[in-house]
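Notes for the one structure printed next.
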Amino acid sequence: MRLNRVLGPVALVFAVVACTQAPPGPAAPAPPPPAPYFVDIATAAGLDVVQLAGGEDADYIIDSLGTGGAWLDYDNDGDPDLYLVQGATRDMPEGPPDLLFRNDGPGDDGVPRFVDVTSSAGLGDRNWGVGAAVADYDNDGDPDLYVTNWGANRLYRNNADGTFTDIAADAGVRGSSWSASAAWTDADLDGDLDLYVTNYVEFSFDRYPARGEQPANAEPCVWRGVEIFCGPRNLEPASDRFYRNDGDPDGDGVPRFVEATEEAGLVPLEPAYGMAVRALDADGDGDDDLYVANDSVQNLLFVNQGDGSFIEESILAGLAYSERGTEQAGMGIAVGDYDRNGLMDLAVTNFSHDHDTLYRNDGDLLFTDVSFPSGLGTASYFTLGWGIEFLDLDLDGWQDLFVCHGHVYPQIDGRDTGATFREANGLYRNAGDGTLVAFDGGGGPAMAIAESSRVLLPVDLDGDGDLDLLVTNLNAPPSLLRNDGTVASWLSVRLRGSRSNADGIGARVVATIGESRLVREIRREASYAGSVLPRAHFGLGDAETVDRLEVRWPSGRTSEMTRVAARRLIVIDEPDQ
Amino acid sequence: MTASTVMLVSALAIAAGGFDEIVERGRAALRDRDYAAAAAAFGEAVALRPDEVDAWFRLGLARSANGEADAAIDAYGRAAELDPTHARARNNLGNVLFRRGDYEQALGWYDRALAIEPDYIVALYHRGWVLRHFNRNEAAETAFNRCLETTPQSGREESTQLDCLFFAGTLRFRAEDYGAAAAAMERLLESNAGHIEARYYLGMAYRHQGRIADAREQLEIHRRMTRAVRRDQPIEKVDP
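Which chain is which? The protein sequence lines are U and D, in order.
This note's numbering applies: residue -10 is where the first sequence begins, and numbers increase by one.
This note's numbering applies: residue 1183 is where the second sequence begins, and numbers increase by one.
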């Protein structure tokens, strides 16, 4: 059963009822529909640009990963700007340039206007791109940008004047593989951010034949009776990389990153096809652990030993496989406390004819796959998921779930596989009892959009307190889903670190309202191939005050505020002690 | 006897001989897993004898294996219509529906199969599987337990009972009854030490019970088995 429904007719009825009940005289504006109510404003916002992501026929595996992007306030003017990654094709290996859009604020219609400033910003990478990861790696107060590519990656230092400079080679983070996602984390708690990069397949066009061009002595690659591109199974996995940030010892403005994957214990027992990575404090001990979603083989949980070294414990933690112990095709990772027990849970998107997996954190580094008891397992069985996030989309205090859907094989359309190449995205309401159900209103007209979607980037674009979403689509313009539903109470928190890293990445923020404790972690990485603003976002229902707001900084310092007024973004500076 | 009658009888006789040959050709194609050829042969067979239940049933088998879901549903449905006691046609029709996501309809056909043969172990297994998929765990457990209580009539049914044991154990696991889950998996592994998923559940049941060393041992065996046999296990059992 698909949980997403089109609200159009419902909204129309709602509007008609509102009109017929209005008193004579000037018509009162119709009340907004129930949240969430998503409307696509990408074209009006100036984002009607195709993100090239490979050949339309998907003859090679490289045509399938899609392209991501990042929200970042690169000019520090307080509103979110947008970086969109561009891929390429076999015939055009130097693709269109990646794009930076400056947010110039809302026009007369209230829709924000994005202006292409790529050239003036010194950007425009033409490598076959996949994702982007933003962080203030040098703690100078502005966001820098890492771009993952097939081939050389980029590290763009923000020059604080609206321009960027690629320092990836000098900094030692360029790589030469096929990178998908990246996460910035202060693994060793030294106050600067280290970098974990997932790498997928050691790919070249010369190395693997195209779909339908297998040698005569080789079996064709077939999925449910449809001939498809081969992989990733039987292709050579690429190894993930971890780069430790050793600061700027020469004072020349170029940081030194040391490739420390093995030294840090971040090498899996078996090679893997890395797709997504997220930092989280899985065991609640105050340091960042790392969870890696791999395609077709087991996922990984690297548990931080407190000093930046890690031990891989995914299997004993119950996070390597599905409930049945089967390897899945991990794509994206959501992190959040969906059951409000104070511990970070995980959700992982997977291939079609398998289910997305919800892992409940039961404490003591033990997770339980509750995909089917929650309802997610059945609802997601025939969809292929990518970006996924726990987000409180109706601001009721419970984190809901949004999932990007899109298949990798265009050839399945018209075939009886139970799946289609372009699919509507998934939207699940957290019922507060461990189950994920459909929103009564369906989520608005934009939930009917059927694309082969990939990357999910939430943001409060209009500052109204509810979450809007950018969704990238394969070889199509992105969707910019503005949430026009009723806005309940909310609070957003931004941190400014001093001893900790500048954005407080890795901090734990707890909002207490009556008996309810809402826990968030400050992160930049999105679920797959993207980056978001580092905010703790709380839906508060009808509460206009947060009784107590606590921050545990990566440095171990703590902040506490009481009686915090709601419906605003607050900034908390790290205390001196 | 008129000339035209002679010709008709003659044609029927030829058709009768042809029918057996066609069916044999279809059976051979099924054995060779040439499902397109099998579907073509049984298609010819039912054109010759539209009331031949077994030909319709085997046409359903061939079409299903050949990825022709709608056509397989038609064929199984015709077999079921022609023979109100054909439990296997109903079970397999449920499988086709299940594979394409029509779970509720699939469940209905399993129930129809069980209404004909209440001790039909394969249908009990499928019914439990679908109910478990829907998280209707209590009803699923009832189906699996009934499957386990039934006396198997063949090696295939004995094998299916082990699958019922496995899924009954998984439901104990979901109910957080880790002792019972471990006991079910231990019993299963006595019969089939190579059951990868049972090995995993056993390891995780031990983990939940705090038996860390035992858990590590079982989970390491599972990991090695997984590595050795990258899995692609079908979920349904077609009952020819």
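Where a beta carbon is used, it is the ideal one built from N, C-alpha and C, also for glycine.
All values derive from a computational prediction rather than experimental measurement.
{"Item": "Note down, in chain order, each residue of its chain lying with its Cβ closer than 6 angstroms to the Cβ of GLU1339 of chain D, except the 5 sequence neighbours on either side.", "Value": "ILE1303"}
{"Item": "Shorter than 8 angstroms from the beta carbon of ILE1378 of chain D to some beta carbon of chain U?", "Value": "yes"}
{"Item": "For ILE1204 of chain D, which residues in the same chain have their Cβ closer than 6 angstroms to its Cβ, ignoring the five residues on either side in sequence?", "Value": "ALA1223, GLU1226 and ALA1227"}
{"Item": "Name the residues in the segment 1249 to 1268 of chain D whose C-beta lies less than 8 angstroms from a C-beta of chain U; which are they?", "Value": "GLY1249, GLU1250, ALA1251 and ASP1252"}
{"Item": "To which residues of the same chain is ARG143 of chain U closer than 6 angstroms at the C-beta, ignoring the five residues directly before and after it?", "Value": "ASP114, VAL136, ASP155 and ALA157"}
{"Item": "Between the Cα of ASP1216 of chain D and those of D:ALA1244, D:TRP1238 and D:GLY1276, spot the shortest distance and give me the residue it belongs to.", "Value": "D:ALA1244"}
{"Item": "For GLY1385 of chain D, which beta-bridge partners are listed by DSSP?", "Value": "DSSP output for GLY1385 of chain D lists no bridge partner at all."}
{"Item": "Any C-beta of chain D within less than 7 angstroms: which residues of the segment 296 to 329 of chain U qualify?", "Value": "ILE304, LEU305, GLY307, TYR310, ARG313, GLY314, THR315 and GLU316"}
{"Item": "Using the rule of at least 16 other Cβ atoms within 10 Å of the residue's Cβ for burial, across every protein chain shown, is ARG1405 of chain D buried or exposed?", "Value": "buried"}
{"Item": "At least one CB of chain U closer than 8 angstroms to the CB of PHE1280 of chain D: is that the case?", "Value": "no"}
{"Item": "Whole angstroms is fine: what's the gap from ASP334 of chain U's alpha carbon to ALA318 of chain U's?", "Value": "19 angstroms"}
{"Item": "May I ask you to list the residues that DSSP assigns as paired with ILE300 of chain U?", "Value": "U:VAL292"}
{"Item": "What did DSSP end up calling SER1341 of chain D once you bin it into helix, strand or coil?", "Value": "helix"}
{"Item": "Suppose you measure from the CA of PRO209 of chain U to the CA of ASN1277 of chain D; what does that come to, to the nearest Å?", "Value": "27 angstroms"}
{"Item": "For the alpha helix (DSSP H) containing TYR1258 of chain D, list its first residue and its last residue.", "Value": "1251 to 1264"}
{"Item": "By the criterion of Cβ-Cβ separation under 7 angstroms, what are the contact partners of LEU425 of chain U in chain D?", "Value": "Going along chain D, no residue has its Cβ under 7 angstroms from LEU425 of chain U, so there is no contact; the nearest lies around 12 angstroms."}
{"Item": "What does GLN40 of chain U pair with, by DSSP beta-bridge criteria?", "Value": "U:ALA465"}
{"Item": "Taking 8 angstroms as the threshold (beta carbon to beta carbon), is THR367 of chain U in contact with chain D?", "Value": "yes"}
{"Item": "Are the segment 513 to 526 of chain U and the segment 441 to 461 of chain U in contact at 8 angstroms, needing three or more beta carbon pairs?", "Value": "yes"}
{"Item": "Show which residues of chain U have a CB atom less than 8 angstroms away from the CB atom of TYR1302 of chain D.", "Value": "Under the 8 angstroms cutoff, chain U gives no residues; its nearest Cβ is about 25 angstroms from TYR1302 of chain D."}
{"Item": "What beta strand (DSSP E) runs, 3 residues minimum, are completely inside the segment 137 to 217 of chain U?", "Value": "143 to 147, 153 to 155, 168 to 174 and 183 to 188"}
{"Item": "Whether or not the segment 161 to 181 of chain U and the segment 243 to 253 of chain U are in contact is what I'm after, with contact meaning three or more pairs of Cβ atoms, one per stretch, closer than 8 angstroms; do they touch?", "Value": "yes"}
{"Item": "Does the beta carbon of GLU259 of chain U sit closer than 8 angstroms to a beta carbon anywhere in chain D?", "Value": "yes"}
{"Item": "Look at LEU305 of chain U and LEU1401 of chain D and say whether their C-beta atoms are less than 8 angstroms apart.", "Value": "yes"}
{"Item": "Can you tell me whether ARG1393 of chain D is helix, strand or coil according to DSSP?", "Value": "coil"}
{"Item": "Under the rule that 16 or more other beta-carbon atoms within 10 Å means buried, what is VAL211 of chain U, buried or exposed?", "Value": "exposed"}
{"Item": "Closest Cβ-Cβ distance between TYR1383 of chain D and chain U: below 8 angstroms?", "Value": "yes"}
{"Item": "Would you say GLY161 of chain U and PHE231 of chain U are within 8 angstroms of each other, going by their C-beta atoms?", "Value": "no"}
{"Item": "Ends of the beta strand (DSSP E) at TRP375 of chain U?", "Value": "374 to 380"}
{"Item": "In whole angstroms, give me the CA-to-CA distance for LEU71 of chain U and ARG509 of chain U.", "Value": "24 angstroms"}
{"Item": "Relative to the C-alpha of GLN203 of chain U, which candidate in U:ALA408, U:VAL190, U:ARG213 and U:CYS219 has its C-alpha closest?", "Value": "U:CYS219"}
{"Item": "With DSSP run on the structure shown, which of helix, strand or coil describes ASP405 of chain U?", "Value": "coil"}
{"Item": "Note down, in chain order, every chain U residue with its Cβ under 8 angstroms from the Cβ of LEU1401 of chain D.", "Value": "ILE304 and LEU305"}
{"Item": "Return the chain-ordered list of same chain residues with a C-beta closer than 7 angstroms to the C-beta of VAL560 of chain U, the five sequence neighbours on each side being excluded.", "Value": "ARG483 and ARG485"}
{"Item": "Taking the alpha-carbon positions, what's the GLU1379 of chain D to ARG213 of chain U distance?", "Value": "23 angstroms"}
{"Item": "Check each candidate in U:GLY43, U:VAL359 and U:ALA271 and name the one with the smallest Cα separation from PHE291 of chain U.", "Value": "U:ALA271"}
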